[in-house]
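*Asks:*
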Amino acid sequence: MSGRSCARAAAALLIASMSMAALPAAAQQPQQAQTPPLRSSPMVQTPLPEPSMFEEHADTVFSAVRGAIRWVFGGLGSLVTPPMALDVARRARQAEPYDFSTMMGVAGYKLKEVESTVSLIPNVGFTFAIERELSDADREWLAIQLDRHQKRRSGIFASAERAIIQALLDAQELGGYQVEKLVVDAFPWPQVKFYITPTDTPLSDETGRLMRAIDRVNETVKASQPKPNDGSTPAAAPRVGVQRTSP
Amino acid sequence: MLCRLIMAALVLALPHMAEAQTLRGPAQRENIVVVGSASMAGFVETIFKQLELTRRIRAPELKMTGSLRSAATFCEGIGPAFPDILALSRRMPKALFESCLDHGVFDVIEIKIGLSAVALVTRKADMRLALTPNQIYRALAADVPDEKTEELSPNMAKSWKDISRDLDDVPIRFVGSAQGTSVRDFFDDMVMQGGCRSEPLVRGIFQASLRVEKCTKPRSDGVFTEVPEGQSRVAALMASPPGTVGILSYGELVAGGNDLVAVALNGVLPTYQSIANDEYDYTRPVLFYVKRAHMVGEGAAGTIKGLREFLQDATSEQTVGPGGLLGELGLVSLPAALRVEQRRNAQVLRRYEP
Numbered sequence: 001m002s003g004r005s006c007a008r009a010a011a012a013l014l015i016a017s018m019s020m021a022a023l024p025a026a027a028q029q030p031q032q033a034q035t036p037p038l039r040s041s042p043m044v045q046t047p048l049p050e051p052s053m054f055e056e057h058a059d060t061v062f063s064a065v066r067g068a069i070r071w072v073f074g075g076l077g078s079l080v081t082p083p084m085a086l087d088v089a090r091r092a093r094q095a096e097p098y099d100f101s102t103m104m105g106v107a108g109y110k111l112k113e114v115e116s117t118v119s120l121i122p123n124v125g126f127t128f129a130i131e132r133e134l135s136d137a138d139r140e141w142l143a144i145q146l147d148r149h150q151k152r153r154s155g156i157f158a159s160a161e162r163a164i165i166q167a168l169l170d171a172q173e174l175g176g177y178q179v180e181k182l183v184v185d186a187f188p189w190p191q192v193k194f195y196i197t198p199t200d201t202p203l204s205d206e207t208g209r210l211m212r213a214i215d216r217v218n219e220t221v222k223a224s225q226p227k228p229n230d231g232s233t234p235a236a237a238p239r240v241g242v243q244r245t246s247p
Numbered sequence: 001m002l003c004r005l006i007m008a009a010l011v012l013a014l015p016h017m018a019e020a021q022t023l024r025g026p027a028q029r030e031n032i033v034v035v036g037s038a039s040m041a042g043f044v045e046t047i048f049k050q051l052e053l054t055r056r057i058r059a060p061e062l063k064m065t066g067s068l069r070s071a072a073t074f075c076e077g078i079g080p081a082f083p084d085i086l087a088l089s090r091r092m093p094k095a096l097f098e099s100c101l102d103h104g105v106f107d108v109i110e111i112k113i114g115l116s117a118v119a120l121v122t123r124k125a126d127m128r129l130a131l132t133p134n135q136i137y138r139a140l141a142a143d144v145p146d147e148k149t150e151e152l153s154p155n156m157a158k159s160w161k162d163i164s165r166d167l168d169d170v171p172i173r174f175v176g177s178a179q180g181t182s183v184r185d186f187f188d189d190m191v192m193q194g195g196c197r198s199e200p201l202v203r204g205i206f207q208a209s210l211r212v213e214k215c216t217k218p219r220s221d222g223v224f225t226e227v228p229e230g231q232s233r234v235a236a237l238m239a240s241p242p243g244t245v246g247i248l249s250y251g252e253l254v255a256g257g258n259d260l261v262a263v264a265l266n267g268v269l270p271t272y273q274s275i276a277n278d279e280y281d282y283t284r285p286v287l288f289y290v291k292r293a294h295m296v297g298e299g300a301a302g303t304i305k306g307l308r309e310f311l312q313d314a315t316s317e318q319t320v321g322p323g324g325l326l327g328e329l330g331l332v333s334l335p336a337a338l339r340v341e342q343r344r345n346a347q348v349l350r351r352y353e354p
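Protein chains in written order, with our numbering: chain A, 1 to 247; chain B, 1 to 354.
1. Give, in chain order, every residue of the stretch 88-109 of chain B whose Cβ lies closer than 8 Å to some Cβ of chain A.
2. Would you check if the distance between the CB atom of B/LEU409 and the CB atom of B/ILE109 is smaller than 8 Å?
3. Should the stretch 33-51 of chain B be regarded as contacting the stretch 62-69 of chain B, the criterion being three or more beta carbon pairs within less than 8 Å?
4. I'd like the list of long-range same chain contacts for B/ARG344, defined as Cβ closer than 7 Å, with 5 residues on each side in sequence excluded.
5. Within its chain, find whatever has a CB closer than 8 Å to the CB of A/TYR177; leave out the 5 residues flanking it on each side and keep chain order.
6. For B/MET238 and B/ALA157, what's the separation of their Cα atoms in angstroms?
7. I want to verify the contact list: residues of chain B whose CB lies under 9 Å from the CB of A/SER135, in sequence order.
8. Give a yes or no on whether 8 Å exceeds the smallest Cβ distance from B/LEU68 to chain A.
9. Suppose only complete runs of 4+ residues qualify. What are the alpha helix (DSSP H) ranges in the stretch 106-160 of chain B, listed by chain order?
10. Please state the DSSP three-state secondary structure of A/PRO42.
11. With a cut-off of 8 Å, does the C-beta of B/ARG339 fall near any C-beta of chain A?
12. Are B/THR225 and B/PHE187 close, meaning C-beta to C-beta below 8 Å?
13. Below 8 Å on the Cβ atoms is my contact criterion, and I expect B/ALA142 with B/SER220 to pass it. Report the Cβ-Cβ distance as a whole number of Å.
14. Tell me whether A/GLN145 is buried or exposed, calling it buried when 16 or more other Cβ atoms sit within 10 Å of its Cβ.
15. Starting from B/ARG284, find everything on chain A with Cβ-Cβ shorter than 7 Å and list it in chain order.
16. DSSP three-state label for B/ILE78, please.
17. Counting Cβ pairs closer than 8 Å, one from the stretch 98-114 of chain A and one from the stretch 148-158 of chain A, do we hit at least three?
18. Between which two residues does the beta strand (DSSP E) holding B/PRO285 run?
19. So, helix, strand or coil for B/ALA239, using DSSP?
20. Would you mind reading off the limits of the beta strand (DSSP E) that contains A/PHE126?
21. Using CA coordinates, which residue listed in B/ARG55, B/SER333, B/VAL296 and B/ARG138 is at the minimum distance from B/LEU287?
22. List the residues of chain B whose Cβ lies closer than 9 Å to the Cβ of A/ASP170, in chain order.
23. Pull the bridge partners of B/GLY176 from the DSSP assignment, please.
24. Please decide whether B/ARG203 counts as near chain A, where near means a Cβ-Cβ distance under 8 Å.
25. Since B/TYR250 contacts B/GLY330 with CB under 8 Å, what's their CB separation in whole angstroms?
26. Reducing DSSP to helix, strand and coil, say where A/GLN178 ends up.
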């Protein structure tokens, strides 16, 4: 067994044991309201194979996962330990100019969630959500960037990246519809899911209730404002409001 | 017998006549209708001024309503009710061309006449500047992100040193043309919007129109001097206090000769080589799309005079060659081989294929 393979197998065993130890502890903790943008489910439930088999399997699994993440974040393939969601998030901030996540940023989409499951059949998925409408200048810039991406990066993955971004751009240009969410599953089966919605969808029940509640607060604040005796105009009451940022 | 034959011929011809009438639309028109990106207006006007002088082609009707809307209008159909030429600063996307095909707009001729570039320029006697688009946005925008309040606040920067410690302590001053002119619109699109794209506060604005306004609205506290249309931007820059940065086209920089010095943007100076080699980021192609079916002699809807002449003139050496007519507007010529190819495309009316 080489030193590098040994380190990988040891790391994998360590993570597996840590996650298994953490599970009962987590179950005892009271549930807290969380808004986890990043999710990591390091669950190893399959019986562990023999050490030599395990080593071989872990090597394959982790190199596949690393490869999948490299597809999205460029330089992540050099990691020795298996990639965890937090690592991915950290690395995403240092993304290179022509990385998929950077290009998605130019296209108006932001990485919302990374889901990674490290197990015998690992899973890595990335969810991008629409962040903003593109202006004409943004579209022009994206077209230039795609052109440069084509000159600088070749291969099947690079072509797939460009095809995804071009599809997003086409969906926006047709008008009336937008890709609200994009889910890229890199492993085990590469697949891309586009969630297309009309741009002028009505407010959801929840958002509608929130808007009405805000209006009521505004009215209450306005009514509770003391009226000046000298007949001058009262100072503007502080207003509570939200800007509707996404349909 | 003869009468019956005439009647039969009329009956057979009627549907075709009706079809032709549908294609022609409610009324004929004499002048060419051009739609497209506002920043292309200068190039279109210059080509048509030349056409008017040399070939007596009427001045066109310009409807420069932005690239996306214009492309959609262009693709709506064939006939006098629809535009003849689309002027864009990027290739027509495949999705839009498919919408053209859906509406029966099959034969569209694409010609690329060159590259345009915006240049930031100072006088030769002034200090040398090397800036990034974000620094320019931070210096020129009316409202900029305030790290303390995490809101957009009025821009109070007075000196370049306020923008970055690495820059000289020189007052911030800009000279440029009004919004709606090609150079200014190009500057707003590429430099100002490019500069604010990395600002999280601005990125958080979902609505494109609102974000564009926040990115491109210049300061009104005297930092930015607007040169009225028709007046020379170079002359205004030369008459400005030391350290003033001029927003010019690459053509104006070249015409300014030794009196002007370019500001490096992201470490790259605008030169003929850097623009032609795609090293300088602030360039874009100038493209025209022309409907073949509208050209005289091209079927029922082919009634618009001057479209072939436009294609010929727009690709001629006198117009787009080095030192050509559009060079004064800052158009950078394509390499010789590409110019020849474009001229050939215009002659044979080569169909656009995305």
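Glycine residues also receive a C-beta, built at the ideal position from the N, C-alpha and C atoms.
*Replies:* According to the structure shown:
1. Contacts with chain A (Cβ-Cβ distance below 8 Å) from the stretch 88-109 of chain B involve SER89, ARG90, ARG91, PRO93, LYS94, ALA95, LEU96 and SER99, listed in chain order.
2. The first residue shown for chain B is 1 and the last is 354, placing residue 409 of chain B beyond what the model contains.
3. Touching, per the Cβ criterion.
4. On the second sequence, residue 344 of chain B is found 344 positions in, with the first residue counted as 1. Result list for B/ARG344: empty, nothing under 7 Å.
5. Your numbering for residue 177 of chain A matches position 177 in the first sequence. These residues qualify, in order along the chain: ALA171, ILE196, THR197, PRO198 and THR199.
6. Position 238 of the second sequence, counting from 1, holds the residue named residue 238 of chain B. Position 157 of the second sequence, counting from 1, holds the residue named residue 157 of chain B. Approximately 23 Å, taken between the alpha carbons.
7. The residue labelled residue 135 of chain A in the question sits at position 135 within the first sequence. Residues of chain B whose Cβ lies closer than 9 Å to the Cβ of A/SER135 are, in chain order, ASP189, GLN193, ALA208, SER209, ARG211, VAL212 and CYS215.
8. Counted from its first residue, the second sequence places residue 68 of chain B at position 68. With respect to chain A, the C-beta atom of B/LEU68 has a partner C-beta closer than 8 Å.
9. 133-140, all fully within the stretch 106-160 of chain B.
10. Reading the first sequence from its first residue, position 42 is the one you call residue 42 of chain A. Only weak support is given to the placement of A/PRO42: the predicted model assigns it a pLDDT of 39, under 50, and the question is left unresolved by the model.
11. The sequence position of residue 339 of chain B within the second sequence is 339, counting from 1. Not one chain A Cβ lies under 8 Å of B/ARG339.
12. Numbered from 1 along the second sequence, position 225 holds the residue referred to as residue 225 of chain B. Numbered from 1 along the second sequence, position 187 holds the residue referred to as residue 187 of chain B. No, the pair does not count as a contact, with Cβ atoms beyond the cut-off.
13. For the purposes of this step, residue 142 of chain B is taken as the residue at position 142 of the second sequence. For the purposes of this step, residue 220 of chain B is taken as the residue at position 220 of the second sequence. At roughly 7 Å, the Cβ-Cβ gap stays under 8 Å, so B/ALA142 and B/SER220 are in contact.
14. Residue numbering aside, residue 145 of chain A sits at position 145 when the first sequence is read from its first letter. Result: buried.
15. Locating residue 284 of chain B in the second sequence gives position 284, counting from the first residue. Result: GLU140.
16. Position 78 of the second sequence holds residue 78 of chain B. In the three-state reduction of the DSSP assignment, B/ILE78 falls in the coil class, being assigned neither a helical nor a strand state.
17. Touching, yes, given that three or more Cβ pairs across the two stretches are closer than 8 Å.
18. Locating residue 285 of chain B in the second sequence gives position 285, counting from the first residue. Segment 283-291, the beta strand (DSSP E) holding B/PRO285.
19. Here the question's residue 239 of chain B lines up with position 239 in the second sequence. Coil.
20. Residue 126 of chain A sits at position 126 when you count from the first residue of the first sequence. In the DSSP assignment, A/PHE126 falls within the unbroken beta strand (DSSP E) covering 123-130.
21. On the second sequence, residue 287 of chain B is found 287 positions in, with the first residue counted as 1. When each option's Cα is compared against that of B/LEU287, the closest is B/SER333.
22. The residue you call residue 170 of chain A lines up with position 170 of the first sequence. Within chain B, the residues whose beta carbon sits less than 9 Å from that of A/ASP170 are PRO93, LYS94, ALA95, LEU96 and GLU98, listed in sequence order.
23. Position 176 of the second sequence, counted from the start, is the residue given in the question as residue 176 of chain B. As DSSP reads the structure, B/GLY176 sits in a beta bridge with B/GLU226.
24. Working through the second sequence from its first residue, we reach residue 203 of chain B at position 203. B/ARG203 counts as touching chain A.
25. Counting from 1 along the second sequence, the entry for residue 250 of chain B is found at position 250. Counting from 1 along the second sequence, the entry for residue 330 of chain B is found at position 330. Here B/TYR250 really is in contact with B/GLY330; their C-beta atoms are around 5 Å apart, less than 8 Å.
26. Reading the first sequence from its first residue, position 178 is the one you call residue 178 of chain A. In the three-state scheme derived from DSSP, where H, G and I count as helix and E and B as strand, A/GLN178 is classed as strand.
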